[in-house]
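Numbering (the numbering used here), first residue to last: 362 to 820.
All C-beta atoms in this analysis are idealised placements derived from N, C-alpha and C, irrespective of residue type, glycine included.
Here's what the structure looks like:
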């Protein structure tokens, strides 16, 4: 193959179709050309399908990640003092961990300079949730962003720079061509954005289960290891935590309702699964930021930051610095209330055998908490609060969950969905059943479901 053929898109597609390895120049040609609208969707789709079917070598994943990273701006955080540590979640239902973890970690002098995008799907993203706090800004300038991190140790803003625009285009195409589920393409998508965002160390929260893209622990671990390897090739400190997403994280799914739960967690009153995951990741981040001798010591420090109130105080400082009203910490009524609130009660007695995260997430979205397109307006008050989760015993008539929304029709539809989810997952107790055995069995199920951490990779 001569030099001119290397820069021919048809030849590149055919080469990957035949299972051969693409070169750095070929991958760069594709990414630059597609980002600049010089390569049409139909050719990009053909190459993505060839990559999906034949896989990508480690070298190809590295080169693809590098090309996508370099397709836009590279954020410069060198003006921020200390080791900048970031976290990234692959997404889930009820995932508000950033709002818990960031103030914990920042309270020990580890700088958190986080840029987040708007959320698509079940709820808003972190910046959407933050904006449910009256007055809260997420549009800081680059200068304000860096100054705030140096002054108080943390800032969380909406994405301002044009980071990895190639990923944005390619993901939209993958979404409609059946090529999302490639571990190599997923790795390049996530890591290109994180590497362009400027932090020195990254902790990845890779979800597995019903509400995640990776359905099994093994799939999630393989993806986590791949991303850790890629990040380290770029000179970053990397750790991946594999966490469960078979049921929602915590009890709250929505926007303002999740912020409230994050605040309660910082007060030491949070759900056990959210608290466990947050402390684990915070401990690792404190360690990577070289403020603890080990992740175990980092976790102990994180626990103390909640106990002594320093993490909550940092959260208040963070809210005030970005224009929000820090009084929400002690007065939840400051959050705008939903017009409609519908309770879902149990139609029978028994144990909850399962609570599929995806179904709960969809109901929350249908209540108005999420968006299907970037232009959709989110109802900050909308969401679902779960009083009972997997393994819990419920009596007939017991309150299982509540739905919140500013739209009556949406609230009623979401409440019906939630009722059906619970109704199909409550196991009744047989008339002659051994109640002690039933209790022991459901207790074991609850313990397994509440074991939020499935593996840690990179330590």
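Thinking C-beta only, is residue 752 closer than 9 Å to residue 706?
Position 345 of the chain shown holds residue 706. Position 391 of the chain shown holds residue 752. Cβ distance not < 9 Å, so residue 706 and residue 752 don't count as in contact.
Backbone CA spacing between residue 792 and residue 754 [nearest angstrom]
To locate residue 792, count along the chain shown from 1; it is residue 431. To locate residue 754, count along the chain shown from 1; it is residue 393. For residue 792, the pLDDT reaches just 49, beneath the cut-off of 50, and the residue's location in the model is therefore unreliable, although a value from the coordinates is still provided. Cα to Cα, the separation comes out at about 16 Å.
Taking 8 Å as the limit between beta carbons, can you name the residues of its chain near residue 619, skipping five residues before and five after?
If you number the chain shown from 1, residue 619 lands on position 258. Answer for residue 619: 455, 457, 460, 484, 490, 611, 613 and 744, listed in chain order.
Please name the residue, chosen from 390, 725 and 740, that lies closest to residue 780 on a Cα-to-Cα basis.
Against the chain shown, residue 780 aligns to sequence position 419. The shortest Cα separation from residue 780 among 390, 725 and 740 belongs to 725.
Bridge partner(s) assigned by DSSP for residue 688:
The sequence position of residue 688 within the chain shown is 327, counting from 1. Bridge partners of residue 688: none, in fact.
When burial is assigned at 16 or more other CB atoms within 10 Å of the CB, is residue 812 buried or exposed?
Translated into positions along the chain shown, residue 812 becomes position 451. Exposed, since its Cβ has fewer than 16 Cβ neighbours within 10 Å.
Give me the Cα-Cα distance between residue 592 and residue 647, rounded to the nearest whole angstrom.
Start at 1 with the first residue of the chain shown, and residue 592 comes out as number 231. Start at 1 with the first residue of the chain shown, and residue 647 comes out as number 286. Roughly 19 Å separates the two Cα atoms.
Ignore the nearest five residues each way along the sequence and tell me which others in residue 651's own chain have a CB closer than 7 Å to its CB.
Start at 1 with the first residue of the chain shown, and residue 651 comes out as number 290. The answer, listed in chain order, is 444.
What do you reckon, are the CB atoms on residue 551 and residue 818 nearer than 9 Å?
Counted from its first residue, the chain shown places residue 551 at position 190. Counted from its first residue, the chain shown places residue 818 at position 457. Not closer than 9 Å, so no.
Output the boundary residues of the alpha helix (DSSP H) element that contains residue 702.
As a first step, residue 702 must be located in the chain shown, where it is residue number 341. It is not in any alpha helix (DSSP H) - residue 702 instead sits in the beta strand (DSSP E) that spans 701 to 706.
How should residue 669 be labelled, buried or exposed, when 16 other C-beta atoms within 10 angstroms of its C-beta is the threshold for buried?
Residue mapping note: residue 669 aligns to position 308 of the chain shown, counting from 1. Burial call: exposed.
Could you give the DSSP three-state label for residue 505: helix, strand or coil?
Looking up residue 505 in the chain shown gives position 144. Helix, per DSSP.
Residue 812 - DSSP class collapsed to helix/strand/coil
Indexing the chain shown from 1 puts residue 812 at position 451. Residue 812 falls in the coil class under three-state DSSP.
Give me the Cα-Cα distance between residue 820 and residue 515, rounded to the nearest whole angstrom.
Counting from 1 along the chain shown, the entry for residue 820 is found at position 459. Counting from 1 along the chain shown, the entry for residue 515 is found at position 154. Going by the C-alpha atoms only, they are around 25 Å apart.
DSSP beta-bridge partners of residue 604
What you label residue 604 is simply residue 243 of the chain shown in a count that begins at 1. BP columns for residue 604 point to 568 and 814.
Measure the C-alpha to C-alpha separation of residue 689 and residue 496 and round it to an integer number of angstroms.
Here residue 689 is taken as the residue at index 328 of the chain shown, counted from 1. Here residue 496 is taken as the residue at index 135 of the chain shown, counted from 1. Cα to Cα, the separation comes out at about 11 Å.
Bridge partner(s) assigned by DSSP for residue 449
Looking up residue 449 in the chain shown gives position 88. Answer is 565.
C-alpha gap between residue 816 and residue 450, whole angstroms:
The count along the chain shown starts at 1 and reaches residue 816 at position 455. The count along the chain shown starts at 1 and reaches residue 450 at position 89. One C-alpha to the other measures close to 15 Å.
Give the list of continuous alpha helix (DSSP H) stretches no shorter than 4 residues that lie fully inside the stretch 757 to 789.
769 to 784
Looking at the strands, I want to know which residues DSSP matches up with residue 732.
The count along the chain shown starts at 1 and reaches residue 732 at position 371. According to DSSP, residue 732 bridges with 482.
So the candidates are 644, 638, 739 and 771; which of them puts its Cα closest to the Cα of residue 616?
Working through the chain shown from its first residue, we reach residue 616 at position 255. Of the listed residues, the one whose Cα sits closest to residue 616 is 739.
Let's test the definition: count the other Cβ atoms within 10 Å of the Cβ of residue 560 and tell me whether it reaches 16, buried, or not, exposed.
Along the chain shown, one-based indexing puts residue 560 at 199. Classification of residue 560: buried, given that the 10 Å Cβ count is 16 or more.
Beta-carbon gap between residue 548 and residue 406 smaller than 9 Å
Counted from its first residue, the chain shown places residue 548 at position 187. Counted from its first residue, the chain shown places residue 406 at position 45. Not a contact, by the Cβ cut-off of 9 Å.
Distance between residue 430 and residue 732 (C-alpha atoms, nearest Å)
In the chain shown, residue 732 corresponds to position 371, counting from 1. In the chain shown, residue 430 corresponds to position 69, counting from 1. Distance between the alpha carbons of residue 732 and residue 430: 27 Å.
Straight-line CA distance for residue 410 to residue 416?
As a working mapping, residue 410 is identified with position 49 in the chain shown. As a working mapping, residue 416 is identified with position 55 in the chain shown. The alpha-carbon atoms of residue 410 and residue 416 are separated by roughly 9 Å.
Bridge partners - residue 754, DSSP secondary structure assignment
Sequence index remark: in the chain shown, residue 754 carries index 393 (1-based). For residue 754, which the question treats as bridged, DSSP gives the partners 712.
In this structure, how does DSSP classify residue 475 when only helix, strand and coil are distinguished?
In the chain shown, counting from the first residue as 1, residue 475 sits at position 114. If DSSP states are grouped into helix, strand and coil, residue 475 belongs with the strands.
Count the other C-beta atoms from every protein chain shown that fall within 10 angstroms of the C-beta of residue 600, then say buried if there are 16 or more, exposed otherwise.
Position 239 of the chain shown, counting from 1, holds the residue named residue 600. Under this definition residue 600 is a buried residue.
With a CB to CB cut of under 6 Å and the five nearest residues on each side skipped, what residues in its chain are close to residue 741?
Within the chain shown, numbered from 1, the residue matching residue 741 stands at position 380. Excluding residues within five positions, the ones whose Cβ falls inside 6 Å are 493, 616 and 617.
In chain order, each alpha helix (DSSP H) run of at least 4 residues that lies wholly inside the stretch 609 to 689:
617 to 627, 633 to 649, 656 to 668 and 671 to 682
Where residue 748 falls: helix, strand or coil (DSSP)
For the purposes of this step, residue 748 is identified with residue 387 of the chain shown, where counting begins at 1. Coil at residue 748, not helix or strand.
So is residue 340 buried or exposed if we call it buried at 16+ other beta carbons inside 10 Å?
The first residue shown for the chain is 362 and the last is 820, placing residue 340 beyond what the model contains.
Helix, strand or coil at residue 416 [DSSP, three-state]
Within the chain shown, numbered from 1, the residue matching residue 416 stands at position 55. Coil.
With respect to 8 Å, is the separation between the Cβ of residue 434 and the closest non-hydrogen atom of the ligand MN below this value?
With respect to the ligand MN, the structure offers nothing, as it holds no ligand at all.
Secondary structure of residue 373, DSSP reduced to three states:
For the purposes of this step, residue 373 is taken as residue 12 along the chain shown, with counting starting at 1. Reduced to three states, the DSSP call for residue 373 is helix.
Close-in-space but distant-in-sequence residues of the same chain around residue 628 (CB under 7 Å, 5 per side omitted)
The residue given as residue 628 occupies position 267 in the chain shown. Closer than 7 Å at Cβ, skipping near neighbours: 673.
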